[in-house]
Amino acid sequence: MARVPAATKRFNKVAVHLAGRRFIPVWALLRHRGRRSGKLYATPVAVIATPTSFLIGLPWGKGTDWVRNVRAAGACTIRWKGVEYECIAPVFVDQEVARAAAHGPTRWILRRASFPHGFIQLERRAD
Numbered sequence: 113m114a115r116v117p118a119a120t121k122r123f124n125k126v127a128v129h130l131a132g133r134r135f136i137p138v139w140a141l142l143r144h145r146g147r148r149s150g151k152l153y154a155t156p157v158a159v160i161a162t163p164t165s166f167l168i169g170l171p172w173g174k175g176t177d178w179v180r181n182v183r184a185a186g187a188c189t190i191r192w193k194g195v196e197y198e199c200i201a202p203v204f205v206d207q208e209v210a211r212a213a214a215h216g217p218t219r220w221i222l223r224r225a226s227f228p229h230g231f232i233q234l235e236r237r238a239d
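Here my numbering is used: the first residue of the sequence shown is 113, the next is one more, and so on.
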């Protein structure tokens, strides 16, 4: 697992207040519970949205706390474009799945960037 840089931690303190709002569609706010503490956490993440799921890149690897918490619970909530979504069934997928789901500038970025740790895909729970 790669270590999360200190600058990223500082950025997240600001991003948590902006993520999930309508005017920043690439950023979402992922809420999850600690595996051991039960404490509620909020993590800003960049998402690729599909009609039935969200894909989130894993630049720091599959062993980060938020990924481990979501996998342990099997669920989380994602606030995206001002709407809360319950998400379930976390699975790891490769970059090709994300490229196929991406559109516009995101697709262009994914064609040029490498995500060696892949992505996690979360299904949106049907109402």
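Note that beta-carbon positions come from the ideal geometry of N, C-alpha and C, so glycine has one too.
Since the model is a prediction, treat every value here as computed from it, not as a measurement.
Where the alpha helix (DSSP H) through residue i begins and ends
| i | result |
| --- | --- |
| T218 | 216-224 |
| W178 | 177-185 |
| R211 | 207-213 |
Beta-bridge pairing of residue i - partner residues as DSSP gives them
| i | result |
| --- | --- |
| V157 | A140 |
| R191 | L141, E196 |
| F166 | A161, L234 |
| F227 | Per DSSP, none; premise fails for F227. |
Same chain only: Cβ atoms within 8 Å of residue i, ignoring 5 sequence neighbours per side
| i | result |
| --- | --- |
| V138 | A158, V159, T218 |
6 Å Cβ shell around residue i - same chain, five flanking residues per side excluded
| i | result |
| --- | --- |
| R183 | P202 |
| R211 | L222 |
| F268 | Nothing can be reported for residue 268, as the shown portion of the chain is limited to 113 through 239. |
| A187 | I200 |
| I190 | A140, L142, F166, Y197, C199 |
Presumed contact (8 Å Cβ cut-off) between residue i and residue j, rounded CB distance
| i | j | result |
| --- | --- | --- |
| L234 | S149 | Contact doesn't hold; Cβ gap of about 22 Å is too wide. |
| G230 | N181 | Actually they do not touch by this definition, with Cβ atoms about 18 Å apart. |
| E198 | R224 | The Cβ separation is near 33 Å, so there is no contact. |
| V195 | L167 | That belief does not hold up - the Cβ atoms of V195 and L167 are roughly 17 Å apart, past 8 Å. |
| A213 | T162 | 5 Å |
7 Å Cβ shell around residue i - same chain, five flanking residues per side excluded
| i | result |
| --- | --- |
| L152 | R143, R145 |
| V179 | L170, I232 |
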